[in-house]
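Chemist:
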Amino acid sequence: MDQPVPASSQPPGTTVTLLAPRDGGVVQRTVLPGGLRVVTEAMPTVRSVTYGVWVGVGSRDETLAQAGASHYLEHLLFKGTRTRSALELSATIDRLGGEMNAFTTKEYTCYYARVLDTDLATAVDVVTDLVTSATLRTSDVDAERGVILEEIAMHDDDPTDVVHDDFAQLLFGDEPLGRPVLGTVASIRGLSRDTIARYYRRRYRPENLVVAAAGNLDHAEVVAMVVAGFDRGAVTLDPKTVALDPRSGPGPTPRTASVGVVERPTEQANLVLGLPGLSRSDDRRFALSVLNAALGGGMSSRLFQEIREKRGLAYSVYSYNAQFADTGMFGIYAGCLPKKVDEVLDLCREQLDAVVQHGISDEELDRGKGQMRGGLVLGLEDTGSRMSRIGKAELVYGELMSVEELLGRIEAVTPDDIAAIARDVLGGPPSLAVIGPFAADRDFSRAVA
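Just so we're on the same page, the working numbering is the position in the sequence shown counted from 1, plus 649.
1. Given a threshold of 16 other Cβ atoms within 10 Å of its Cβ, counted over all protein chains shown, does R854 qualify as buried or as exposed?
2. If I measure Cβ to Cβ from Q1000 and keep anything under 7 Å in the same chain, skipping five residues before and after, which residues do I get?
3. Going by beta carbon distance, what residues of the same chain come within less than 7 Å of E737, once the five residues before and after it are set aside?
4. Grab the span of the beta strand (DSSP E) containing G1033 for me, first residue to last.
5. So Y765 and L866 are in contact, right, with Cβ under 8 Å, and what is the actual spacing, rounded?
6. Report back the beta-carbon spacing between G827 and Q818 to the nearest angstrom; my notes put them in contact at under 8 Å.
7. Need the endpoints of the beta strand (DSSP E) that R851 sits in, please.
8. Who pairs with P925 in a beta bridge, going by DSSP?
9. Using beta-carbon positions only, say whether V1062 and V921 come within less than 8 Å of one another.
10. Can you give me the C-alpha to C-alpha distance between N750 and D1011, rounded to a whole angstrom?
11. Provide the residue(s) that pair with R678 in DSSP beta bridges, ordered along the chain.
12. Where does M591 sit, in a helix, a strand or coil, going by DSSP?
13. Residues in the same chain with beta-carbon distance under 6 Å from R1091, minus the five sequence neighbours each way, listed in chain order, please.
14. Where are the alpha helix (DSSP H) runs, 4 residues long or more, that stay fully inside the region 748-796, in chain order?
15. Going by DSSP, what residues sit across from Q972 in a beta bridge?
16. Quick one: Cα of P660 to Cα of H868, how far?
17. Looking at G1040 and V872, is the spacing between their C-beta atoms short of 8 Å?
18. Roughly how many angstroms lie between the CA atoms of S1051 and L668, to the nearest whole one?
19. Can you tell me which of F1087, A1096 and R904 puts its alpha carbon nearest to the alpha carbon of V993?
20. By Cβ distance below 8 Å, which residues in the same chain neighbour S1094 in space, the five residues on each side in sequence not counted?
21. If A714 and G822 are in contact, beta carbons under 8 Å, what's the gap, nearest whole angstrom?
22. Would you kindly report the start and end of the unbroken beta strand (DSSP E) that includes G700?
23. Determine the DSSP secondary structure at N941, reduced to helix, strand or coil.
24. Would you say P987 and A918 are within 8 Å of each other, going by their C-beta atoms?
25. Could you check whether S949 and R1016 sit closer than 8 Å to each other, using their CB atoms as the reference points?
26. Who are E912's beta bridge partners in DSSP?
27. Report, in whole angstroms, the separation of the C-beta atoms of R837 and R794, which I expect to be a contact under 8 Å.
28. Starting from the C-beta of L745, find all residues in its chain whose C-beta is less than 6 Å away, skip the five residues before and the five after it, and write them out in chain order.
29. Around the Cβ of A1098, are there at least 16 other Cβ atoms within 10 angstroms (buried) or fewer (exposed)?
30. Which parts of the region 795-830 are runs of the alpha helix (DSSP H), unbroken and 4 residues or longer, counting only runs that do not cross its ends?
31. What three-state label does DSSP hand T1107 in the structure shown?
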């Protein structure tokens, strides 16, 4: 079906259908006063519902002094509201046999609960309450500071996680996209209650929120529940609120041919070799995703076969493709014995160069498409994944493709598309992040030449 008008052009108080039953499910959107969007997908054959509130704020929206504030705030919202304590928030959902959680990324934050369809009203009330009416008490800020510092320490103890942060920092420098979502020990220690509260009030605004729900539900009933929840909360649906400052200016300019080495006395070397990628609005992203699947997306991929199966050089090796609003990154991860790192890097470069020069075979193209098709469809088998799909689409893409349309875009990728995107994205000099028992001046220049 034709894509309806974007939410920015939809009058408040109106409802449009984004996807009809023939497109796989009824998805509707209502725009409320103040700009809050409510999107739902009706799944009448299930007995559960997942309800989520998506906030258009993540670590890339933070100044250096605010680094880690988005994730810190995610923790604090579960510490209590004007009407519920932290225990009451969690106990209310536990009593229903449901689950409630949240996550923060570089560009958005999501709070959600999954419950039986008969308990949807309670889930809406609890999640909306914690998002709109958090008290952010100084005592909770101080107590949770220790929890987040422990989370950072746990993250830093795992080089398989840290090396990805190091690669992002190499690629984007000291721009927000190059910083870890968790922040740093120094930034978390420096965040005050007042700084976090101002960040909360400024960012958690109706025009910056999307409510999404999927499962056995009625759209009009969900809208009524959301309106009631916001009417009780501190974040009101006020059409006269001052507009939120948009993310402005050009995106960061990624750097290439950089090498970063972190010396650690580990038994395994961890490395990420990669380049700038595509933004999530780039139509070529479908071709890059198929190429990623063929290069390093599964056990039949080139990297897995060449590095693990044929030579036994690594237990874990894969490629990945991350997309942001205005840029992206493409990386190859491998973990290997330190003495094998040069051989592994040579093979990674060899495979990168091969796809740039010769593309991939027809068989690899078919496998890559099949892997993407299966991952897409099988990943939408529950209400949580359906809620995430429509919520993220509304918040960050501004459009919602049907599953059939997405499958069609994957199937339409041609060998020429793969060859072109390989040249455009993988043809330049890569950057390299390494963690292992290597001196900081260890020469890895050959891998990025």
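Yeah, the Cβ is synthetic: ideal placement off N, Cα and C, and Gly gets one too.
Modeler: Once the coordinates are examined:
1. buried
2. L944, R951, L952 and E955
3. none
4. Segment T1032 to K1041 is the alpha helix (DSSP H) holding G1033; no beta strand (DSSP E) there.
5. Note that residue 765 is Leu in the sequence shown, not Tyr. Rounded, the Cβ-Cβ distance is 12 Å, inconsistent with contact.
6. 4 Å
7. Per DSSP, R851 lies in no beta strand (DSSP E); the unbroken alpha helix (DSSP H) holding it starts and ends at R842 to R852.
8. M978
9. no
10. 42 Å
11. V665 and V688
12. Because residue 591 is not part of the residues shown, which for the chain are 650 to 1098, the question remains open.
13. V910
14. 769-781
15. G977
16. 18 Å
17. no
18. 7 Å
19. Closest option to V993, judged by alpha-carbon separation, among F1087, A1096 and R904: A1096.
20. Excluding residues within five positions, the ones whose Cβ falls inside 8 Å are V908.
21. 17 Å between Cβ atoms; not a contact.
22. Per the sequence shown, the amino acid found at residue 700 is Tyr instead of Gly. Y700 -> beta strand (DSSP E) spans S697 to V704.
23. helix
24. yes
25. yes
26. E912 pairs with G1085.
27. Before going further, note that residue 837 is Ile rather than Arg in the sequence given. At roughly 6 Å, the Cβ-Cβ gap stays under 8 Å, so I837 and R794 are in contact.
28. Around L745: V764 and D768.
29. Burial state of A1098 is exposed, judged by a 10 Å Cβ sphere holding fewer than 16 other Cβ atoms.
30. 808-821
31. In this structure the chain extends from 650 to 1098, so residue 1107 is not present and cannot be described.
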